[in-house]
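Below: the structure, in structure tokens.
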Amino acid sequence: MANNLHLNNVRCSKKGLFTSGLRTDALIHLDSDLNANEYCSLPQGTHNARPFKRGVIFNDTQSDCVRSVSREGEETNQKISLPMKRAS
Numbered sequence: 240m241a242n243n244l245h246l247n248n249v250r251c252s253k254k255g256l257f258t259s260g261l262r263t264d265a266l267i268h269l270d271s272d273l274n275a276n277e278y279c280s281l282p283q284g285t286h287n288a289r290p291f292k293r294g295v296i297f298n299d300t301q302s303d304c305v306r307s308v309s310r311e312g313e314e315t316n317q318k319i320s321l322p323m324k325r326a327s
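Just so you know, the working numbering puts the end of the sequence shown at 327, numbered straight through with nothing missing.
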């Protein structure tokens with residue numbers, strides 16, 4: 240079986256089960272009757288997406304930043320800079 244969706248995140252809460260992956264292009268919500276719906280669209284290459292406040296928060300690996308996007312489309316981006324350890 241091919242790993243076409245590359246699921247990399249599952250979050251379970253009182254609101255249901257949420258999952259996403261590198262190639263799902265969406266945060267998928269499963270309700271208590273196991274009905275799957277798109278909670279919101281996501282850019283390709285997303286990691287660790289989950290509901291956050293009135294929207295979603297995720298690691299946008301293509302842009303090297305953490306994004307928080309409201310359901311109304313308001314967006315906050317935080318660039319993450321990590322020091323690179325030099326080889327000795």
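A virtual CB, placed ideally from N, CA and C, is assigned to each residue, including glycine.
Across which residues does DSSP place residue i in a beta bridge pair?
i, result
"Asn243", "Its beta-bridge partners do not exist; DSSP assigns none."
"Ser252", "Gly255"
So, is residue i buried or exposed, given that buried needs 16 or more other C-beta atoms within 10 angstroms?
i, result
"Val249", "exposed"
"Asp299", "buried"
"Ser259", "buried"
"Leu273", "exposed"
"Arg306", "buried"
From residue i to residue j, what does the alpha carbon distance come to, in whole angstroms?
i, j, result
"Gly294", "Asp270", "17 Å"
"Glu314", "Ile296", "10 Å"
"Lys253", "Cys279", "18 Å"
"Cys251", "Lys292", "15 Å"
"Arg289", "Lys318", "18 Å"
Where does the unbroken beta strand (DSSP E) through residue i begin, and where does it stop?
i, result
"Leu273", "Unbroken run through Leu273: none, as it is neither H nor E."
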